[in-house]
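Participant: Read in order, the letters of the sequence shown correspond to residues 7 to 378 in the working numbering.
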Amino acid sequence: MDTKKRRYDLDWLRVIAILAVYFHHIGMPFNGDGFHIMNSESSKILDDIMVYFEQFRLPLLFLISGTGTVLAFSKRTWQQFFKERTGRLIIPLFFGVLFIVPPQTYYQYINEFSSYWQIYTDGRFETNHLWFIENLYIISIVAIPLIIFLKSKKSQRFRNWFAKMTSYKVGLLTGGLPLIILTIVLKRYYPTGSSSLTNLSETFFYTYFFIAGILFASSQLFWDNLKKFRRFHLIIFIVSSFLFYGYYFVPNTVVEPHLSISVRWDIWYGLCCLLGWSFVLALLGYGQIHLNKPSLWLKKMNEAIYPFYILHQTVIVVFAYYIIQLDLNIPAKLTILFISSFLVIIIIYRFMIYPFKIIRVLFGMKNKPNLK
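(1) Going along the chain, which residues of its own chain have a beta-carbon closer than 6 Å to the beta-carbon of Phe-68, five neighbours each way excluded?
(2) Hey, could you find the ends of the alpha helix (DSSP H) Gln-61 is sitting in?
(3) Identify the continuous alpha helix (DSSP H) that holds Arg-82 and give its terminal residues.
(4) Relative to the C-alpha of Tyr-14, which residue among Ile-364, Ile-353, Leu-297, Lys-372 is closest?
(5) Suppose you measure from the CA of Val-191 to the CA of Leu-179; what does that come to, to the nearest Å?
(6) With a CB to CB cut of under 7 Å and the five nearest residues on each side skipped, what residues in its chain are close to Asn-231?
(7) Taking 8 Å as the limit between beta carbons, can you name the residues of its chain near Ile-70, skipping five residues before and five after?
(8) Touching or not, the stretch 316-330 and the stretch 40-57, by the rule of three or more beta carbon pairs under 8 Å?
(9) Count the other CB atoms, across all protein chains shown, that sit within 10 Å of the CB of Thr-208; report buried if there are 16 or more and exposed otherwise.
(10) What residues in its chain sit with their C-beta under 7 Å from that of Ser-161, if we drop five residues either side in the sequence?
(11) May I have a chain-ordered list of the alpha helix (DSSP H) segments no shorter than 4 residues that lie completely inside the stretch 296-321?
(12) Let me confirm a value: His-264 is counted as buried when at least 16 other C-beta atoms fall within 10 Å, else exposed. Which label applies?
(13) Would you call the stretch 274-284 and the stretch 56-65 in contact, with 3 or more CB pairs under 8 Å?
(14) With the cut-off set at 8 Å, would you say Gly-102 and Ile-186 are in Cβ contact?
(15) Just to confirm the assignment, what range does the alpha helix (DSSP H) spanning Ser-207 have?
(16) At what residues does the alpha helix (DSSP H) containing Ser-346 begin and finish?
(17) Could you tell me the alpha carbon to alpha carbon distance between Phe-138 and Ile-241, rounded to whole angstroms?
(18) Using 8 Å for Cβ pairs, my map puts Glu-57 next to Tyr-315. What's the rounded Cβ distance?
(19) Kindly indicate the opening and closing residues of the alpha helix (DSSP H) around Ala-101.
(20) Going along the chain, which residues of its own chain have a beta-carbon closer than 6 Å to the beta-carbon of Leu-377, five neighbours each way excluded?
(21) So, are the CB atoms of Lys-339 and Phe-105 less than 8 Å apart?
(22) Quick check on Met-371: buried or exposed, where buried means 16 or more other Cβ atoms within 10 Å of its Cβ?
(23) By the 10 Å Cβ neighbour count, where 16 or more other Cβ atoms means buried, how is Tyr-355 classified, buried or exposed?
(24) Is the CB-CB distance between Ile-379 and Thr-73 below 8 Å?
(25) Can you tell me whether Val-269 is helix, strand or coil according to DSSP?
(26) What is the DSSP secondary structure of Ala-326, reduced to helix, strand or coil?
(27) Looking only at C-alpha atoms, which of Leu-25, Ile-51, Lys-11 sits nearest to Ile-336?
(28) Mapping DSSP to helix, strand and coil, what is Lys-383?
(29) Would you kindly check if the distance between the Cβ of Leu-221 and the Cβ of Phe-210 is under 8 Å?
(30) Exposed or buried, Asn-166, counting other C-beta atoms within 10 Å across all chains shown (16 or more means buried)?
(31) Have a look at Tyr-328 and Ile-96 and give me their C-alpha separation to the nearest angstrom.
(32) Residues in the same chain with beta-carbon distance under 6 Å from Pro-313, minus the five sequence neighbours each way, listed in chain order, please.
(33) According to DSSP, is Ser-120 part of a helix, a strand, or is it coil?
(34) Could you pull the start and end residues of the alpha helix (DSSP H) that Arg-130 belongs to?
(35) Note down, in chain order, each residue of its chain lying with its Cβ closer than 6 Å to the Cβ of Pro-109, except the 5 sequence neighbours on either side.
(36) In its own chain, which residues sit with a C-beta less than 6 Å from the C-beta of Ser-347, not counting the 5 before and 5 after it?
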């Protein structure tokens with residue numbers, strides 16, 4: 007991929023991925039799945055919809071982060087890259103843990119605190135949604151040798167093999183086989199339930215998409231093949247969607263006599279991986295056609311989306327605490343939560359973050375000499 011030319015499709019996909027995370031968290035208080043703040047009643051329909059989108063919102067975000075890592079690395083030495091990643095990820099992470107996340111902790115365990123400041127006296131600090139930044143930093147640093155290798159002549163043999171594999175229609179699709187197999191194996195020992203780096207099944211899953219992003223961005227040929235086979239990948243995505251929901255809705259009484267619980271989970275994780283993998287392949291192909299266009303709105307959104315991510319869950323949790331107490335149905339509460347949280351996040355960003363250089367640094371934004 008031409009690292010000197012701006013890829014607007016990747017900028018759009020980054021914005022879309024983070025907005026997808028935002029909308030997911032908007033629905034969390036109402037889907038009965040367990041969140042910091044939960045409504046007294048839940049929506050099964052909402053849960054059935056959200057479980058589908060869970061399979062590719064974070065894989066897309068990690069994959070786009072992988073491609074972005076290659077682009078950032080192309081303009082820097084590895085020492086400069088390390089410094090840049092530390093500034094844009096570790097500083098916002100520590101700032102967020104100390105000042106952004108505590109309101110979530112307070113409202114989630116409000117009956118345990120005599121005051122908000124008890125969070126600080128008791129040292130009740132958590133990463134919560136900022137686990138993504140923590141994981142991204144570690145994975146980015148660990149991936150430095152891989153990026154250096156791919157940029158060197160030593161990788162020519164590997165890149166030739168990868169180019170040959172991706173030139174076949176099923177080549178990129180079969181790239182998901184290790185993801186499916188190893189995820190199934192690791193899930194048996196490290197079940198879902200934690201986003202910590204110590205949960206090897208989760209760490210492997212997200213790292214796989216991150217590395218895939220690195221590989222795709224390392225050569226224009228790989229990117230061209232994603233575009234070339236986009237229709238095939240779309241068909242596989244549609245088929246995998248039917249398989250996913252077909253298996254999701256099949257009654258337990260139908261499969262219990264024939265399959266053990268471990269095998270049923272193996273099938274589930276396999277379908278989840280196939281769905282996520284085929285989705286990102288299709289989206290990266292079609293994105294090159296429909297999204298690779300400059301836009302003033304895109305420029306503004308791309309700059310704002312990182313602070314938006316850092317802020318969004320705290321604002322959602324605080325507002326949800328009060329909104330779930332209203333005597334309204336779930337659609338009404340969802341609408342109020344969406345409108346109020348979105349407006350407040352935008353206002354905070356525009357008037358409390360965007361104009362101030364020091365605050366911009368704390369939220370991982372680039373410093374601008376002349377701000378308006």
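Cβ coordinates follow ideal geometry from the N, Cα and C atoms, glycine included. These numbers come from a predicted model, not from an experiment.
Facilitator: A quick look at the data gives this:
(1) Tyr-212, Phe-215, Phe-216
(2) Note, Gln-61: premise wrong, no alpha helix (DSSP H); not H, not E.
(3) Taken as a continuous stretch (DSSP letters only), Arg-82 belongs to no alpha helix (DSSP H), as it is neither H nor E.
(4) Leu-297
(5) 20 Å
(6) Thr-172, Ser-173, Leu-178
(7) Leu-16, Leu-19, Arg-20, Ala-23, Gly-219
(8) yes
(9) In the sequence under discussion, the amino acid at residue 208 is Glu, which differs from the Thr named in the question. Glu-208 is buried by the Cβ-count criterion.
(10) Phe-155
(11) none
(12) exposed
(13) yes
(14) no
(15) 206-223
(16) 336-354
(17) 30 Å
(18) Reading the sequence as shown, one finds Val at residue 57 and not Glu. At roughly 22 Å, the Cβ-Cβ gap does not stay under 8 Å, so Val-57 and Tyr-315 are not in contact.
(19) Per the sequence presented here, residue 101 reads as Phe, with Ala not at that position. Its alpha helix (DSSP H) spans residues 97-101.
(20) Any reading at Leu-377 must be qualified, since the residue scores a pLDDT of 45, below 50, and its modelled position is unreliable; no value is offered.
(21) no
(22) buried
(23) buried
(24) Only positions 7 to 378 of the chain appear in the structure, and residue 379 is not among them; the question remains open.
(25) helix
(26) helix
(27) Ile-51
(28) Only positions 7 to 378 of the chain appear in the structure, and residue 383 is not among them; the question remains open.
(29) no
(30) exposed
(31) 32 Å
(32) Tyr-355, Ile-359, Phe-369
(33) coil
(34) Counting along the chain, Arg-130 falls outside any alpha helix (DSSP H), and DSSP gives it neither H nor E.
(35) Thr-320, Val-324
(36) Val-321, Ile-322, Phe-325
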